[in-house]
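There are 2 protein chains.
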Amino acid sequence: MAGPAVSIRDVATRAGVSVGTVSNVLNRPDIVAASTRTRVLAAISDLGFVPNDAARQLRRGRGRTLGLVVLDVANPFFTDVAKGVEEATGAAGMAVIFCNSDGDPVRESAYLDLLEEQRVQGVLITPVDDANERLVRLRDRGVLVVLLDRRSTRPDVCSVSVDDRLGGELAGRHLVETGHRQIAFVGGPWRLEQVRDRYAGAVHALREAGLDEDRLRRFDTASPTVAAGRDAAARILGQPRSARATAVFCANDLLALGVLQELTRQQVRVPEEIALVGYDDIEFAAAAAVPLSSVRQPRQRLGRTAAALMLEESNEPDVHQHQQVIFEPELVVRESSRYTRRES
Amino acid sequence: MAGPAVSIRDVATRAGVSVGTVSNVLNRPDIVAASTRTRVLAAISDLGFVPNDAARQLRRGRGRTLGLVVLDVANPFFTDVAKGVEEATGAAGMAVIFCNSDGDPVRESAYLDLLEEQRVQGVLITPVDDANERLVRLRDRGVLVVLLDRRSTRPDVCSVSVDDRLGGELAGRHLVETGHRQIAFVGGPWRLEQVRDRYAGAVHALREAGLDEDRLRRFDTASPTVAAGRDAAARILGQPRSARATAVFCANDLLALGVLQELTRQQVRVPEEIALVGYDDIEFAAAAAVPLSSVRQPRQRLGRTAAALMLEESNEPDVHQHQQVIFEPELVVRESSRYTRRES
DNA sequence: TACGAATTGGAAAGCGCTTGCCCCCGATCG
DNA sequence: CGATCGGGGGCAAGCGCTTTCCAATTCGTA
Numbered sequence: 001m002a003g004p005a006v007s008i009r010d011v012a013t014r015a016g017v018s019v020g021t022v023s024n025v026l027n028r029p030d031i032v033a034a035s036t037r038t039r040v041l042a043a044i045s046d047l048g049f050v051p052n053d054a055a056r057q058l059r060r061g062r063g064r065t066l067g068l069v070v071l072d073v074a075n076p077f078f079t080d081v082a083k084g085v086e087e088a089t090g091a092a093g094m095a096v097i098f099c100n101s102d103g104d105p106v107r108e109s110a111y112l113d114l115l116e117e118q119r120v121q122g123v124l125i126t127p128v129d130d131a132n133e134r135l136v137r138l139r140d141r142g143v144l145v146v147l148l149d150r151r152s153t154r155p156d157v158c159s160v161s162v163d164d165r166l167g168g169e170l171a172g173r174h175l176v177e178t179g180h181r182q183i184a185f186v187g188g189p190w191r192l193e194q195v196r197d198r199y200a201g202a203v204h205a206l207r208e209a210g211l212d213e214d215r216l217r218r219f220d221t222a223s224p225t226v227a228a229g230r231d232a233a234a235r236i237l238g239q240p241r242s243a244r245a246t247a248v249f250c251a252n253d254l255l256a257l258g259v260l261q262e263l264t265r266q267q268v269r270v271p272e273e274i275a276l277v278g279y280d281d282i283e284f285a286a287a288a289a290v291p292l293s294s295v296r297q298p299r300q301r302l303g304r305t306a307a308a309l310m311l312e313e314s315n316e317p318d319v320h321q322h323q324q325v326i327f328e329p330e331l332v333v334r335e336s337s338r339y340t341r342r343e344s
Numbered sequence: 001m002a003g004p005a006v007s008i009r010d011v012a013t014r015a016g017v018s019v020g021t022v023s024n025v026l027n028r029p030d031i032v033a034a035s036t037r038t039r040v041l042a043a044i045s046d047l048g049f050v051p052n053d054a055a056r057q058l059r060r061g062r063g064r065t066l067g068l069v070v071l072d073v074a075n076p077f078f079t080d081v082a083k084g085v086e087e088a089t090g091a092a093g094m095a096v097i098f099c100n101s102d103g104d105p106v107r108e109s110a111y112l113d114l115l116e117e118q119r120v121q122g123v124l125i126t127p128v129d130d131a132n133e134r135l136v137r138l139r140d141r142g143v144l145v146v147l148l149d150r151r152s153t154r155p156d157v158c159s160v161s162v163d164d165r166l167g168g169e170l171a172g173r174h175l176v177e178t179g180h181r182q183i184a185f186v187g188g189p190w191r192l193e194q195v196r197d198r199y200a201g202a203v204h205a206l207r208e209a210g211l212d213e214d215r216l217r218r219f220d221t222a223s224p225t226v227a228a229g230r231d232a233a234a235r236i237l238g239q240p241r242s243a244r245a246t247a248v249f250c251a252n253d254l255l256a257l258g259v260l261q262e263l264t265r266q267q268v269r270v271p272e273e274i275a276l277v278g279y280d281d282i283e284f285a286a287a288a289a290v291p292l293s294s295v296r297q298p299r300q301r302l303g304r305t306a307a308a309l310m311l312e313e314s315n316e317p318d319v320h321q322h323q324q325v326i327f328e329p330e331l332v333v334r335e336s337s338r339y340t341r342r343e344s
């Protein structure tokens, strides 16, 4: 059943050359004479030889894979980021080990162990919390680390992120300008820096408009998922009518979609009774029951840039400058917040 | 910067034992005396030793990773499948290399090469076409192969799928029963067996009702995405009113969401003017502008089962029986098709 | 024709780990 | 009390590949 497992030696024998020469054909084809090269290549394809990357990696010290650790595979935001990463790495012939921490520090840590055992070239990660200690240790061992969707606090670690504070501000300002004075913020877990920053941005927008910051009421969620969104909406609707928010700003679109579902179920009209703004502008936001206003992030670009930074650091360590790339988000207004409230 | 790369030898020295003993502590702790074991363990943690999986793999012949090749990472169907896979493999301490063929045979093949180089234990794959030849070759080389969301035609290859024909039938029958006589089928690329089977199922439902099969009109799409769905809807609406379909059955929910968007944009009422049924029942289907009827598949279970099959074959080759697992889909009726048409 | 330079390919030393084999030593048995 | 037994651990041979160092061959040139 299991084939004969052809190795570089078999190729060498068949081509009538030494093992070293075959290796050269594989890695530095230019230094071997054309005639020998074709002969070796022929032997390779005759035998169906596929080099063993483990052996290569063992010899070279580091492999051709890199790890990508995200908070949630099921979140389209992250799948788009992953696409960007893949785009950049695929071109460089590298494999991506895709890990899903699910926002759980324990799982995150387990995956980091695994990646370390694999001797990956580097790790692109959206950390669950500020687990910098663990990441610094990784780096000290020679594993490149690039923070994804999170600003690095250390000058010697690259990061690619989007200005979440600004995003929060855009959303907050938009809601204030359309007349809202009681706004609910749905997000969580609070442990996530993204959530805190988006909240802070919204608070800033309120202050800027001369409003008291307690106009923005936090509804924490256990996770950034559709189900958690439905749950949060139920809590919001549980408030006495007079104190109830007239607008909801969600830390991501999954939550917003959940909120929207629950509001619809309870027959609350969006945006007339409650306006809604999400975050990420995932593809499904535009297709929602009420097309969702959302803060757009350059998702694929985020991934592509992070991967590029890593590859650069890996291939040209001397040229490479550590940097914190920050993109700007952009507010996309759709139905869900297209209703201007009379001041009350 | 790069740390001292501690190897098993350093651990051995520090613990005052031989390299072999350290290895034994790692792999067969029971055969090592308790006192030695604790000493070694202490050394390991003092030094922060992390075993090099490449070396282990080289020695053992095969690694602790497996490949998962899907048609589209951005499709929630596949991310849910991936979650199932991860669930099963994570428990077994295995890593998943997540690959995205994007429905492109070339990319698929490139990823297969890569996985082969990595000497993965096995590959879980939703093949782009019936590229069985390539997969059989893989198998002959000792790489386990399990087909995912696709029925295996060979008795010696495991597969886990959902009965797509039945799914198509359920959708078709439902539409026929609610009075539709002109139905559009949106799906593609036609190359995908899933698409063809779902279509065939719907055709069967028509026949069963004594209707001519040309009542089901195919609108092929280049890809199973939201954008392609919008495009297909435009084509459907381009038909003369009299011949225009009163219902659309889409080969997946992404397409259905796209169709819905375009219909809404052109102010065609769903379901009154045109009813809509999707496939997969992704989470976003229920949250759509008009909640989408859809054929539900046990997504996570699909992934979990496939991974379990692979692990079983890997760990207990003698016990293992190759099998073709087939789950049954289920129709979930929501707003988008909840309107019964008068016969015309 | 002959010498050195340049080119080409071979030999061999590991990379870090697993594992079969063997040895040592204290315990058990006749 | 000597021979036997068996558990614990050391030794060393590679796994498949890369890469450095050299030897051999070829070519250009005087």
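Quick mapping for you: the protein sequence lines, in order, are chains A and B.
Counting from 1, position 291 in the first sequence corresponds to residue 291 in my numbering; the numbering is continuous, with no gaps.
Counting from 1, position 337 in the second sequence corresponds to residue 337 in my numbering; the numbering is continuous, with no gaps.
All C-beta atoms, glycine included, are put in the ideal place defined by N, C-alpha and C.
Classify residue i: buried if its beta carbon has 16 or more other beta carbons within 10 angstroms, exposed otherwise.
i: Arg269 (chain B); result: exposed
i: Thr340 (chain A); result: exposed
i: Gly16 (chain B); result: exposed
i: Asn27 (chain A); result: exposed
i: Ser266 (chain A); result: Reading off the sequence shown, one finds Gln at residue 266 (chain A), where the question assumed Ser. So Gln266 (chain A) ends up on the exposed side.
i: Pro240 (chain B); result: exposed
i: Asp156 (chain A); result: exposed
i: Ser293 (chain B); result: buried
i: Glu116 (chain B); result: buried
i: Asn100 (chain A); result: buried
i: Gly84 (chain A); result: buried
Report the option in the options whose CA atom is closest to the CA atom of residue i.
i: Thr153 (chain A); options: A:Val143, A:Glu169 and A:Leu135; result: A:Leu135
i: Ala92 (chain A); options: A:Glu312, A:Arg181 and A:Glu193; result: A:Glu312
i: Gly142 (chain A); options: B:Pro127, B:Val50 and B:Ser223; result: B:Val50
i: Phe78 (chain B); options: B:Gly179, B:Pro224 and B:Leu263; result: B:Pro224
i: Glu273 (chain B); options: B:Ser336, B:Leu254, B:Asp212 and B:Ala307; result: B:Ser336
i: Asp212 (chain B); options: B:Leu192, B:Arg181 and B:Ala228; result: B:Arg181
i: Trp190 (chain B); options: B:Arg338, B:Lys83, B:Asp104 and B:Pro317; result: B:Asp104
i: Val348 (chain B); options: B:Ser159, B:Asp164 and B:Val19; result: Chain B is shown from 1 up to 344; residue 348 (chain B) falls before or after that span and cannot be answered.
i: Leu148 (chain A); options: A:Arg338, A:Gly303 and A:His322; result: A:Gly303
i: Asn24 (chain A); options: A:Val40, A:Thr13 and A:Ser314; result: A:Val40
i: Phe98 (chain B); options: A:Arg230, A:Asp113 and A:Val70; result: A:Val70
i: Arg37 (chain B); options: B:Ser18, B:Asn52 and B:Ala55; result: B:Ser18
i: Val325 (chain B); options: B:Asp164, B:Pro76 and B:Arg139; result: B:Asp164
i: Ser109 (chain B); options: B:Ala209, B:Asn132 and B:Val22; result: B:Asn132
Taking DSSP's pairing of strands, which residues face residue i in a bridge?
i: Glu213 (chain A); result: Paired residue(s): none; Glu213 (chain A) is not in a bridge.
i: Glu330 (chain B); result: B:Arg296
i: Gly122 (chain B); result: B:Leu66 and B:Leu144
i: Asn100 (chain A); result: A:Val70
i: Phe249 (chain A); result: A:Phe185 and A:Val277
i: Phe219 (chain B); result: B:Val186
i: Val162 (chain A); result: A:Phe327
i: Ala95 (chain B); result: B:Thr65
i: Ala288 (chain B); result: A:Ala288
Report yes if the C-beta of residue i is less than 7 angstroms from at least one heavy atom of the ligand NAP; otherwise report no.
i: Glu330 (chain B); result: With respect to the ligand NAP, the structure shown offers nothing to examine, as it has no ligands at all.
*Are there three or more Cβ pairs, one per stretch, closer than 8 angstroms when the stretch 329-338 of chain A is compared with the stretch 294-304 of chain A?*
Segment contact: the stretch 329-338 of chain A against the stretch 294-304 of chain A, three or more CB-CB distances shorter than 8 angstroms; contact assigned.
*Using Cβ-Cβ distances below 8 angstroms, what residues of the stretch 41-57 of chain A are close to chain B?*
Cβ contacts with chain B come from Gly48, Val50, Pro51, Asn52, Asp53, Ala54, Ala55 and Gln57.
*Using a Cβ-Cβ cut-off of less than 7 angstroms, give me the residues of the stretch 73-86 of chain B that come near chain A, in sequence order.*
Listed by position, the residues of the stretch 73-86 of chain B near chain A (Cβ gap below 7 angstroms) are Val73, Ala74, Pro76, Thr79, Asp80, Ala82, Lys83 and Glu86.
*So does the stretch 193-210 of chain B actually touch the stretch 166-173 of chain B, counting three or more Cβ pairs closer than 8 angstroms?*
Short answer: they touch.
*When you check each C-beta in the stretch 225-255 of chain B against every C-beta of chain A, which residues fall closer than 8 angstroms?*
Taking 8 angstroms as the upper bound on Cβ-Cβ separation, chain A lies near residues Val226 of the stretch 225-255 of chain B.
*Would you list, in chain order, the members of the stretch 60-72 of chain B that have their beta-carbon closer than 7 angstroms to a beta-carbon of chain A?*
Across the stretch 60-72 of chain B, CB contacts with chain A closer than 7 angstroms involve Gly63, in sequence order along the chain.
*Does the stretch 232-249 of chain B come close enough to the stretch 184-196 of chain B that 3 or more CB-CB pairs lie under 8 angstroms?*
The count of Cβ pairs closer than 8 angstroms, one atom from the stretch 184-196 of chain B and one from the stretch 232-249 of chain B, reaches three, so the stretches are in contact.
*Of all the residues that make up the stretch 121-138 of chain B, which are near chain A by a beta-carbon distance shorter than 7 angstroms?*
Result list empty, no residue passes.
*Flag this pair as touching only if the stretch 120-133 of chain B and the stretch 58-75 of chain B have three or more C-beta atom pairs under 8 angstroms; answer yes or no.*
The answer is yes - the stretch 58-75 of chain B touches the stretch 120-133 of chain B, with three or more Cβ pairs under 8 angstroms.
*Anything in the stretch 288-315 of chain B with a Cβ closer than 9 angstroms to a Cβ of chain A? List those residues in chain order, please.*
If the cut-off is 9 angstroms between Cβ atoms, the stretch 288-315 of chain B has Ala288, Ala289, Val290 and Pro291 near chain A.
*Closer than 7 angstroms, Cβ to Cβ, to anything on chain B: give me those residues from the stretch 139-171 of chain A, in chain order.*
Within the stretch 139-171 of chain A, the residues whose Cβ lies closer than 7 angstroms to some Cβ of chain B are Asp140, Arg141 and Gly142, listed in chain order.
*Going along the chain, which residues of the stretch 315-339 of chain A sit with their C-beta nearer than 9 angstroms to a C-beta in chain B?*
For the stretch 315-339 of chain A, which is checked against every Cβ of chain B, not one residue is closer than 9 angstroms.
*asked:* Can you pull out the residues from the stretch 270-288 of chain A whose beta carbon lies closer than 8 angstroms to at least one beta carbon of chain B?
replied: For the stretch 270-288 of chain A, the residues whose beta carbon sits under 8 angstroms from a beta carbon of chain B are, in order, Glu283, Phe284, Ala286, Ala287 and Ala288.
_Please identify, using Cβ separations under 8 angstroms, the residues of the stretch 4-21 of chain B that lie next to chain A, in order along the chain._
In summary, the residues of the stretch 4-21 of chain B whose CB is separated from some CB of chain A by less than 8 angstroms are Ala5, in the order they occur in the chain.
*asked:* Short of 9 angstroms Cβ to Cβ, which residues in the stretch 107-121 of chain B face chain A?
replied: Result list: Arg107, Ala110, Tyr111, Asp113, Leu114, Leu115, Glu116, Glu117, Gln118 and Arg119.
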